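K.L.:
Going by the working numbering, 378 is the number at position 378 of the sequence shown; the sequence numbering is gapless.
A virtual CB, placed ideally from N, CA and C, is assigned to each residue, including glycine.
From a predicted model like this one, the values you see are computed outputs, not experimental measurements.
One structure follows; several queries about it will come next.
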Amino acid sequence: MNALLGALAKLSPLTLWRNPVMFVVEVGAVAATALAVGSPGFFAWSIVVWLWLTVLFANLAESVAEGRGKAQAATLRAARRDTTATLADGSVVPSSALRKGDVVVVGAGEVIPGDGDVIEGVASVDESAVTGESAPVIRESGGDRSAVTGGTKVLSDRIVVRITQQPGESFVDRMIALVEGANRQKTPNEIALNILLAALTVVFLVATVTMQPMAIYSKAVNPGVPDSAALTADGVSGVTLVALLVCLIPTTIGALLSAIGIAGMDRLVRRNVLAMSGRAVEAAGDVSTLLLDKTGTITLGNRQATAFQAAEGVDLRDLAEAAQLSSLADETPEGRSIVVYAKEHFGLRERPVAGAHWVPFSARTRMSGVDVGDRQIRKGAATAVMKWVRDAGGRPTDEIGPLVDGIAASGGTPLVVAERGRVLGVIHLKDVVKQGMRERFDEMRRMGIRTVMITGDNPLTAKAIADEAGVDDFLAEATPEDKLGLIRREQFGGRMVAMTGDGTNDAPALAQADVGVAMNTGTSAAKEAGNMVDLDSNPTKLIEIVEIGKQLLITRGALTTFSIANDIAKYFAIIPAVFAAVYPGLDALNVMRLATPQSAILSAVVFNALVIVALIPLALRGVSYRPANASAMLSRNLAVYGLGGVLAPFAGIKLIDLAVHQLPGLS
């Protein structure tokens, strides 16, 4: 009922003028109504009714597409409820009064009043109102998990948040507008197709307007030619010409074009991805290069210690003890796995270390470790640790290089452990490629998409993982500048690029990419730079996004092909009916042998309206997508929707004619 009411509201010319094809149909329906009033009859009023139904069905398609986002928008509005906010100075204000740059304090059990970044503290946050996931997430100051969303709830501890959005511009506000379709701008391809449809409409309008004068002229110069049954009275003649125009112009795709675009965004929303514009969804369908982070996307992400390999002359237990000692303060999954491995395989238990000075890992040093009394232990990247040993006057043993290379060549990550002046050995960390990734990348290849793995690992490790996963290329030891440079090189070669990211250092690359998918757990800078946000923060979803984008383009192309193709049958139905009496030779086109000229015209108009209703589910669901190259997809669309668009109307119009012919006034 809501969709029907929405369709009726869209009958306003102020709304419908944005769709030139359906605007012409509505103007034609108004004109036909006026003509039918002047020359009443069953045939004329039947045409008028179905012309108005054609416009209504077109509006219904768009209204149904928009309505699918209403339920999620209602949930989001509930999450956006007005709350109070405690400012840093202790004053309490409504959340609607907050401005960008304000600092608020949020404690356990309180609702976060607006979008922002955590600048102090760490807390467990319930984001189910936005993401639909019941499991709480951790938000903390610094790093790439500092962004919080207004309307979510702090479950434990206390955080200080700096607001990053003005009122009415929050993440939830933008999402509500987009899922409802209220803020959906037409994409460049959609605009171009609208221009083409408008041009075709103008051509057929001019052709239709000239038909009656031509018929009158032919009657004047050939007095013996009988009157056309469809052109006997001026009023009926006008209604017939309006019907002819509506059947000739591409009404099917004109009616469904907007619904196809809205449904594409809706399919993303259902997968918890927010596209900032329809253009981003469309661009995803044209992507030819896919950049994927290794950790967490291609691999499981939590590298685990699987072996210790001691240097010559070093006892394996001494290596295990030093590796565990240097990892006691390392809270990363890798660090914890080293402690656990030493405990399980060497019986070394965690213990407090008095007077220890812990050295945290940094991107600059690429090492971490501990200083205890006279002992200095470090673990980290091979080149960094070996340099540290050399700077201390030591000399790495000859077998360390082959150990490191062997681990890297097998797809593992080597961490070298050293004590001041000498190398003790190597830790073998292994990251596991996710199940099914090779098959997914094979699908991408069949779609003509080139996949590139991005990792901070050394080239040997990166190559081993790339070979195991089946990606086309890789970028090792990647920095933010390297990512940006790679994207620019790909785009310079005429390729469309998609990538994911979550950190502030990913923002330049996300902004440069044609499709930049930011993780919801990431920083505000990343979410502002990208043109999509994944609420589940699942990097592998980029592959699904590309598939949805391609499905959108295929659906639009398939229904455009069908719309233009099914006009062919209408030509064979309606033109002989209108002009066969004036131009007897046209009767040869009446291959369907329709009963009477009036039943033929009405049958074509009825089919023209009903086919819109029949295709609404396909427009909303999308044409089924199968990975294939562009030429194979084009051939399939022409075979299914081109040939189907030609044949279906012949059968449909004939069946409708058999029924319509039995109606009084048309038999």
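Starting from P414, trace the alpha helix (DSSP H) both ways and give me its first and last residue.
P.N.:
For the purposes of this step, residue 414 is identified with residue 414 of the sequence shown, where counting begins at 1. It is not in any alpha helix (DSSP H) - P414 instead sits in the beta strand (DSSP E) that spans 412-419.
K.L.:
Reducing DSSP to helix, strand and coil, say where E439 ends up.
P.N.:
As a first step, residue 439 is located in the sequence shown; it is residue number 439 there, counting from the start. E439 falls in the helix class under three-state DSSP.
K.L.:
According to DSSP, simplified to helix, strand and coil, what is V246?
P.N.:
Taking the first residue of the sequence shown as 1, we reach residue 246 at position 246. V246 falls in the helix class under three-state DSSP.
K.L.:
Using 8 angstroms as the Cβ pair cut-off and three pairs as the minimum, do the stretch 350-358 and the stretch 404-412 touch?
P.N.:
In short, these stretches do not touch, since the Cβ pair count stays below three.
K.L.:
Quick one: grab the DSSP three-state call for H345.
P.N.:
The sequence position of residue 345 within the sequence shown is 345, counting from 1. DSSP places H345 in helix when its eight states are reduced to three.
K.L.:
What beta strand (DSSP E) runs, 3 residues minimum, are completely inside the stretch 332-402?
P.N.:
Qualifying beta strand (DSSP E) stretches, in chain order: 356-359, 367-372, 375-380.
K.L.:
Just tell me which of I119, G114, A108, V203 has its CA closest to the CA of T156.
P.N.:
For the purposes of this step, residue 156 is taken as residue 156 along the sequence shown, with counting starting at 1. One point to set straight first is that residue 156 is Ser, not Thr, in the sequence displayed. Looking at the Cα atoms, A108 is the closest of the given residues.
K.L.:
Since I548 and A284 should fall inside the 8 angstroms C-beta cutoff, what is the C-beta to C-beta distance between them, to a whole number of angstroms?
P.N.:
What you label residue 548 is simply residue 548 of the sequence shown in a count that begins at 1. What you label residue 284 is simply residue 284 of the sequence shown in a count that begins at 1. The Cβ separation is near 7 angstroms, so the contact holds.
K.L.:
Starting from the N-terminal side, write out each stretch of the alpha helix (DSSP H) that is 4 residues or longer and does not extend beyond the stretch 17-104.
P.N.:
The stretch 17-104 contains these whole alpha helix (DSSP H) runs: 20-38, 42-67, 70-79.
K.L.:
Helix, strand or coil for G425? Go by DSSP, reduced to three states.
P.N.:
Here the question's residue 425 lines up with position 425 in the sequence shown. G425 falls in the strand class under three-state DSSP.
K.L.:
Under the rule that 16 or more other beta-carbon atoms within 10 Å means buried, what is L98, buried or exposed?
P.N.:
Mapped onto the sequence shown, residue 98 falls at position 98. Looking at its Cβ environment, which holds 16 or more other Cβ atoms inside 10 Å, L98 is buried.
K.L.:
Keeping to the same chain, check which residues put their C-beta closer than 6 angstroms to that of R279; ignore five residues upstream and five downstream.
P.N.:
In the sequence shown, residue 279 corresponds to position 279, counting from 1. Contacts found: T187.
K.L.:
Under 8 angstroms Cβ to Cβ from R670, same chain only, skipping five residues before and after it: list those, please.
P.N.:
With the chain represented from 1 up to 667, any question about residue 670 goes unanswered, as that position is not in the structure.
K.L.:
Between D442 and the rest of its own chain, which residues show a CB-CB distance below 8 angstroms, the 5 nearest in sequence each way excluded?
P.N.:
By 1-based counting over the sequence shown, the position of residue 442 is 442. Closer than 8 angstroms at Cβ, skipping near neighbours: G470.
K.L.:
Taking its Cβ as the centre, do 16 or more other Cβ atoms sit within 10 Å of Q662, making it buried, or is it exposed?
P.N.:
Locating residue 662 in the sequence shown gives position 662, where the first residue counts as 1. Under this definition Q662 is an exposed residue.
K.L.:
Please report the distance separating the alpha-carbon of V432 from that of V646.
P.N.:
One-based indexing of the sequence shown puts residue 432 at position 432. One-based indexing of the sequence shown puts residue 646 at position 646. Whole-angstrom Cα-Cα distance: 52 angstroms.
K.L.:
May I have a chain-ordered list of the alpha helix (DSSP H) segments no shorter than 4 residues that lie completely inside the stretch 541-595?
P.N.:
Taking only runs of at least 4 residues, the alpha helix (DSSP H) segments lying wholly in the stretch 541-595 are 541-579.
K.L.:
Out of F562, G394, K654, which has the shortest C-alpha to C-alpha gap to R636?
P.N.:
Within the sequence shown, residue 636 is the residue found at index 636, counting from 1. The shortest Cα separation from R636 among F562, G394, K654 belongs to F562.
K.L.:
Can you name, in chain order, every residue of its own chain whose Cβ lies under 8 angstroms from the Cβ of T252, other than the five neighbours on each side?
P.N.:
As a first step, residue 252 is located in the sequence shown; it is residue number 252 there, counting from the start. Correct list, in chain order: L559, F562, S563, N566, N608, V611, I612, L615.
K.L.:
Taking Cβ to Cβ, would you say I568 is nearer than 9 angstroms to M633?
P.N.:
Within the sequence shown, the letter at position 568 stands for residue 568. Within the sequence shown, the letter at position 633 stands for residue 633. No, Cβ-Cβ distance for I568 and M633 is not below 9 angstroms.
K.L.:
Taking Cβ to Cβ, would you say T500 is nearer than 9 angstroms to L291?
P.N.:
Within the sequence shown, residue 500 is the residue found at index 500, counting from 1. Within the sequence shown, residue 291 is the residue found at index 291, counting from 1. In contact: T500 and L291 (Cβ atoms closer than 9 angstroms).
K.L.:
For a test of the three-state rule: what should DSSP assign to R267, helix, strand or coil?
P.N.:
Working through the sequence shown from its first residue, we reach residue 267 at position 267. Helix.
K.L.:
Going by alpha carbons, who is nearest to A9 out of L35, V104, E62, S277?
P.N.:
Locating residue 9 in the sequence shown gives position 9, where the first residue counts as 1. The shortest C-alpha separation from A9 is found at E62.
K.L.:
If distances are taken between C-alpha atoms only, which option among E334, I260, V423, L325 comes closest to V372?
P.N.:
In the sequence shown, residue 372 corresponds to position 372, counting from 1. When each option's Cα is compared against that of V372, the closest is L325.
K.L.:
Please list the terminal residues of the continuous beta strand (DSSP E) segment that includes L292.
P.N.:
As a position in the sequence shown, residue 292 is number 292, starting the count at 1. Segment 289-293, the beta strand (DSSP E) holding L292.
K.L.:
How should A123 be labelled, buried or exposed, when 16 other C-beta atoms within 10 angstroms of its C-beta is the threshold for buried?
P.N.:
Reading the sequence shown from its first residue, position 123 is the one you call residue 123. Answer is buried; the Cβ neighbour count reaches 16.
K.L.:
Roughly how far, in whole angstroms, is the beta-carbon of A509 from the beta-carbon of A518, given that I think they are within contact range, below 8 angstroms?
P.N.:
The residue given as residue 509 occupies position 509 in the sequence shown. The residue given as residue 518 occupies position 518 in the sequence shown. Not quite, the Cβ-Cβ distance comes to about 11 angstroms (not below 8 angstroms), so this is no contact.
K.L.:
When the Cα atoms are used, what is the spatial distance from S368 to G436?
P.N.:
Reading the sequence shown from its first residue, position 368 is the one you call residue 368. Reading the sequence shown from its first residue, position 436 is the one you call residue 436. Roughly 34 angstroms separates the two Cα atoms.
K.L.:
Taking DSSP as the reference, what is the three-state secondary structure of A307?
P.N.:
If you number the sequence shown from 1, residue 307 lands on position 307. Strand at A307.
K.L.:
Measuring CB to CB, does V118 end up less than 9 angstroms from E140?
P.N.:
By one-based count along the sequence shown, residue 118 stands at place 118. By one-based count along the sequence shown, residue 140 stands at place 140. A contact, by the Cβ cut-off of 9 angstroms.
K.L.:
For L475, name the three-state secondary structure that DSSP assigns.
P.N.:
For this step, residue 475 is matched to residue 475 along the sequence shown. If DSSP states are grouped into helix, strand and coil, L475 belongs with the strands.
K.L.:
Determine the contact status of L256 and T208, defining contact as a CB-CB distance below 9 angstroms.
P.N.:
Residue mapping note: residue 256 aligns to position 256 of the sequence shown, counting from 1. Residue mapping note: residue 208 aligns to position 208 of the sequence shown, counting from 1. Going by C-beta atoms, L256 is not nearer than 9 angstroms to T208.
K.L.:
How about V660 and S603: are their beta carbons less than 9 angstroms apart?
P.N.:
Mapped onto the sequence shown, residue 660 falls at position 660. Mapped onto the sequence shown, residue 603 falls at position 603. For V660 and S603, yes; Cβs fall inside 9 angstroms.
K.L.:
Under a three-way DSSP split, which group does M499 fall into?
P.N.:
Numbered from its first residue, the sequence shown carries residue 499 at position 499. Strand, per DSSP.
K.L.:
Rounded to whole angstroms, what is the Cα-Cα separation between H345 and G530?
P.N.:
Counted from its first residue, the sequence shown places residue 345 at position 345. Counted from its first residue, the sequence shown places residue 530 at position 530. Approximately 45 angstroms, taken between the alpha carbons.
K.L.:
Classify A7: buried if its beta carbon has 16 or more other beta carbons within 10 angstroms, exposed otherwise.
P.N.:
Indexing the sequence shown from 1 puts residue 7 at position 7. Classification for A7: buried.
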